[in-house]
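Asker: Residue numbers (the working numbering): 54 to 291.
For glycine and all other residues, C-beta sits at the position ideal for the given N, C-alpha and C.
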């Protein structure tokens, strides 16, 4: 049975990070949207208005599953409060609070961001945030992506330049506890989020990969999303 999926990329990357996985989902007969907010703006919109921009660039769907990767986990949760959805699937991202203020990144990463900002507050593109940290680059999968210089250059050319002040904003989440949700971990970076998803009683899946699994291992990612969507559909209302 086919389903509708909305794949939401984090604001620090582009829809192209999801497109390989989207292709596999479409090949399996599913309807897929990958809204790309940054394709329509010269400068990144604020974090707190990002979901409203996502809604502007989506077409109607039949009770979709909203799938958020990385920092888009919060955006997926907020979309689920504004649309009739079948469920939310988080792929290697934070588990958002049940309601209330949600920031773009965890406090530790926020401190790192402030430390690497230029004098005017401008940040390097996301792929350069961990320059010199071989372990982090490996966990993210940037080392694999960089092994193809042409593809890596194309990926980096799409990345937005963010200002450190952008990360001070919060999204005020309405309560979304009633929404069925599942978690797919692809890198050890999100061990803590995997544990939180288990604590909440969500179905969980752990893949042995990197943070960029949707781009680097799209077939496995698509299969995990399909499997998770079926689990959520069977589980009934929470």
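I need the straight-line Cα distance from residue 57 to residue 173, nearest angstrom please.
Answerer: If I take the Cα positions, the gap works out to 42 Å.
Asker: Between which residues of its own chain and residue 66 is the CB-CB distance below 7 Å, once the five residues before and five after are set aside?
Answerer: Hits under 7 Å: 179 and 212.
Asker: Could you compute how far the alpha carbon of residue 135 sits from the alpha carbon of residue 223?
Answerer: Rounded to whole angstroms, residue 135 to residue 223 spans 17 Å at the Cα level.
Asker: Could you please give the first and the last residue of the uninterrupted alpha helix (DSSP H) stretch that includes residue 208?
Answerer: Residues 202-211.
Asker: For my contact list, residue 144 and residue 121 are in at a C-beta cut-off of 8 Å; report their separation, rounded to the angstrom.
Answerer: Confirmed, Cβ separation roughly 7 Å.
Asker: Under 8 Å Cβ to Cβ from residue 104, same chain only, skipping five residues before and after it: list those, please.
Answerer: So the qualifying residues of the chain are 128, 131, 132, 135 and 224.
Asker: Just verifying my parser: in three-state terms, what is the DSSP assignment at residue 234?
Answerer: Three-state result, residue 234: strand.
Asker: Alpha carbon to alpha carbon, how far is residue 203 from residue 247? Give it in angstroms, no decimals.
Answerer: Cα-Cα distance, rounded: 34 Å.
Asker: Start and end of the alpha helix (DSSP H) containing residue 244?
Answerer: Per DSSP, residue 244 belongs to the alpha helix (DSSP H) from 244-252.
Asker: Report the three-state DSSP secondary structure of residue 86 (helix, strand or coil).
Answerer: Note: residue 86 maps to strand in three-state DSSP.
Asker: Measuring alpha carbon to alpha carbon, tell me which residue in 91, 115, 250 and 157 is nearest residue 125.
Answerer: Closest by alpha carbon: 157.
Asker: For the 8 Å Cβ check, are there 3 or more pairs between the stretch 179-193 and the stretch 94-102?
Answerer: No, the stretch 179-193 is not in contact with the stretch 94-102.
Asker: Rank 140, 175, 220 and 207 by C-alpha distance to the C-alpha of residue 155 and give the top, closest one.
Answerer: Checked all of 140, 175, 220 and 207; the closest Cα to residue 155 is 220.
Asker: Counting only the same chain and skipping the five closest in sequence on each side, list residues whose C-beta sits under 7 Å from that of residue 228.
Answerer: Within the same chain, residue 228 has close Cβ partners 151 and 152.
Asker: So residue 169 and residue 176 are supposed to be a Cβ contact under 8 Å. How far apart are they, rounded?
Answerer: The Cβ separation is near 7 Å, so the contact holds.
Asker: If you scan the stretch 65-129 from start to end, which runs of the alpha helix (DSSP H) of 4 or more residues do you find wholly inside it?
Answerer: Counting whole runs of 4 or more residues, the stretch 65-129 contains the alpha helix (DSSP H) stretches 72-80 and 103-109.
Asker: State buried or exposed for residue 109, treating a residue as buried only when at least 16 other CB atoms are found within 10 Å of its CB.
Answerer: When all chains shown are included, residue 109 counts as exposed.
Asker: Spatial neighbours of residue 280 within its chain, please: CB distance less than 8 Å, with the 5 preceding and 5 following residues excluded, ordered by chain position.
Answerer: Counting only Cβ-Cβ distances below 8 Å, and skipping sequence neighbours, we find 258.
Asker: Can you tell me which of the three DSSP states residue 264 falls into?
Answerer: Coil, per DSSP.
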